[in-house]
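In what follows, a single structure is set out as structure tokens and then discussed.
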Amino acid sequence: MSLRTKIKNYILWQRHKLRVAELYRTHPLKYLFLEVTRQCNLACLYCGSSCTGRPPAKEMSIPEWREVVRQVAGDFDAKSIMVAVTGGEPLMKEGVFDLFRELKQNGFRYGMVSNAKLLDRKAAEELVKAGIGSISLSMDALPEINDRLRGPGVSKGVEQGIKNLLEAGYKGKLEIISTITKPAVAGLDEMRQYVSSLRVPLWRVAPVMPIGRAAEHPELIPDVADVRFMLEWIRKSRQDRFFPSPEFSEEGFVGYRFEGLVRPYLCQCRAGITVGGVRYDGRLSACPELTDAFDQGRIQDDRLKTVWDEKYRIFRDRSWTRKDECKECEWWSICLGGSLHLYADTDSHILRCLYLMCKESEKAPASSALKA
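Residue numbers (the numbering used here): 75 to 446.
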């Protein structure tokens, strides 16, 4: 690396650190997850939330969710917050379109993450009428592997869901989100061509996290060589002009070789900083993938605004992550311990470090994908 490049990188990262420090200080709520249900019509082997076909007993009703929306709109600037309605499968939640309309009426920009199995023509038309602005559909591999891991006909459901949305006149953001398992790594090139054939302009990919049911299936977790292959492939693919350009959606630090090149931003876990969340039963947290240890209160007992302003300390002071491999790491001041969904609690070890995996891969045997 030339001296000029070193200086440029130093300035870039110093500016990044200052921006992040300011966000930690001011913690403006910019993104809010509403986990409206844990019920799902699929049973993916690697579901990070361990969702099932039945809703939990204490799941909040849509009238309760609508009240949450009104509360947040009254306490924050709704126009400055993006709301993501998640599950489970949101379309399984009875009355969910009433929630969508409530969000629109209160001035929120909002979107939904769905497996598309229930995204028929009527649902697509209802979504367009409700003014939804962003739809993320999960498709984790080429159809053969995707259906084997997630259920028969799942891939066709995504294809039909996209068609239904376009025919209904949907003009908002549309993306495919791919949680990449080990069997899917070798097919990334073909997967990109497949996503392109679906006329989806945005595609986010990330290796499956070793949490939830995925922790019970280590054979599905990409190894160090697989992760390195993914990052190299994304880095290269973002330099060509083929549509779509894949984006790496794991926030942890991945080293100078990949930072700023595999995604349009530098490493950033903003859980509890700009990202908040309400769980299916009203518990207040940030990202849905976080464990219960990171819960900060209950919407039934406190206003989100009060909890957001007065709690969330473990999110905004991450000195507790400086242990084990992180303790002496030269990049900790940039990484700040990585993504919080990779910790069981503040006393636990991080489940994986992408930066260390990439370093280890330099001396590891090539993955099956690299050999292909």
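By construction, the Cβ of each residue, glycine as well, lies at the ideal position given by its N, Cα and C atoms.
For residue j and residue i, the rounded distance between their alpha carbons
| i | j | result |
| --- | --- | --- |
| Gly205 | Ile250 | 20 Å |
| Glu241 | Met213 | 20 Å |
| Leu444 | Val301 | Any reading at Leu444 is ruled out, since the residue's pLDDT is 42, under 50, leaving its predicted position unreliable. |
| Ala446 | Leu335 | Interpretation of Ala446 is limited by its pLDDT of 36, a score under 50 that renders its predicted location unreliable; no figure is taken from the coordinates. |
| Asn220 | Arg78 | 45 Å |
| Asp149 | Glu141 | 12 Å |
| Phe389 | Phe332 | 25 Å |
| Glu306 | Ala131 | 44 Å |
| Phe327 | Thr348 | 18 Å |
| Met304 | Lys437 | 17 Å |
| Ile85 | Tyr429 | 21 Å |
| Pro102 | Pro362 | 19 Å |
| Cys409 | Val352 | 26 Å |
| Lys178 | Ser154 | 13 Å |
| Tyr417 | Asp366 | 11 Å |
| Pro257 | Cys432 | 19 Å |
| Ala289 | Tyr120 | 8 Å |
| Ala117 | Gln267 | 26 Å |
| Lys196 | Arg315 | 35 Å |
| Gly371 | Val381 | 7 Å |
| Pro164 | Ala158 | 10 Å |
| Trp406 | Thr100 | 21 Å |
| Lys237 | Lys401 | 50 Å |
| Trp87 | Glu404 | 13 Å |
| Lys203 | Thr253 | 30 Å |
Option in the options with minimal Cα separation from residue i
| i | options | result |
| --- | --- | --- |
| Asp151 | Glu168, Leu106 and Asp300 | Leu106 |
| Leu173 | Pro362, Thr111 and Ala280 | Thr111 |
| Ala280 | His291, Ile295, Ser359 and Trp406 | Ile295 |
| Ser413 | Thr395, Glu399 and Asp421 | Thr395 |
| Glu264 | Met283, Ser407, Pro217 and Gly243 | Pro217 |
| Arg287 | Leu211, Arg224, Cys432 and Val381 | Arg224 |
| Leu449 | Pro292, Ser229, Thr253 and Ile285 | For residue 449 there is no data in the structure shown, the boundaries of the chain being 75 and 446. |
| Glu399 | Ser393, Arg377 and Ile424 | Ile424 |
| Pro275 | His291, Glu321 and Ala299 | Glu321 |
Residues that DSSP places opposite residue i in a beta bridge
| i | result |
| --- | --- |
| Gly351 | Phe107 and Ser359 |
| Ser208 | Gly185 and Lys247 |
| Gly371 | Leu358 |
| Arg278 | Ile251 and Glu321 |
| Gln113 | Thr126 |
| Thr160 | Glu109 |
| Ala152 | DSSP lists no partner for Ala152. |
Close-in-space but distant-in-sequence residues of the same chain around residue i (CB under 8 Å, 5 per side omitted)
| i | result |
| --- | --- |
| Gly207 | Arg183, Tyr184, Gly185, Gly246 and Lys247 |
Residue i CB to nearest heavy atom of the ligand MN below 7 Å
| i | result |
| --- | --- |
| Phe171 | Ligands in the displayed structure: none, and consequently the ligand MN is not present. |
8 Å contact criterion, which residue i and residue j should meet: CB distance rounded
| i | j | result |
| --- | --- | --- |
| Gly169 | Cys114 | Not really, about 17 Å apart at Cβ, beyond 8 Å. |
| Ile373 | Gly356 | 4 Å |
| Asp369 | Ser359 | 5 Å |
Cβ shell of residue i (< 7 Å), same chain only, five flanking positions each side left out
| i | result |
| --- | --- |
| Glu325 | Cys341, Gln342, Cys343 and Ser413 |
| Arg144 | Asn180 |
| Arg309 | Phe332, Leu335 and Val336 |
| Ser442 | Residue confidence is low: Ser442 scores 43 on pLDDT, short of 50, so the model does not pin down where it sits. No coordinate-derived value is stated. |
| Glu200 | Phe171 |
| Glu233 | Leu272 |
| Met134 | Tyr354, Asp355 and Gly356 |
Beta-carbon contacts of residue i that lie in its chain and below 6 Å, excluding the five residues immediately before and after
| i | result |
| --- | --- |
| Met283 | Gly122 |
| Ile136 | Gly169, Asp172 and Leu173 |
| Arg312 | Ser319 |
| Gly235 | Ala190 and Leu193 |
| Ser210 | Val187, Glu249 and Ile251 |
| Tyr386 | Gly346 and Gln370 |
| His90 | Leu340 |
| Ser435 | Val298, Ala299 and Arg302 |
| Trp277 | Ile250, Val269, Pro318 and Pro320 |
| Ala215 | Ala258 |
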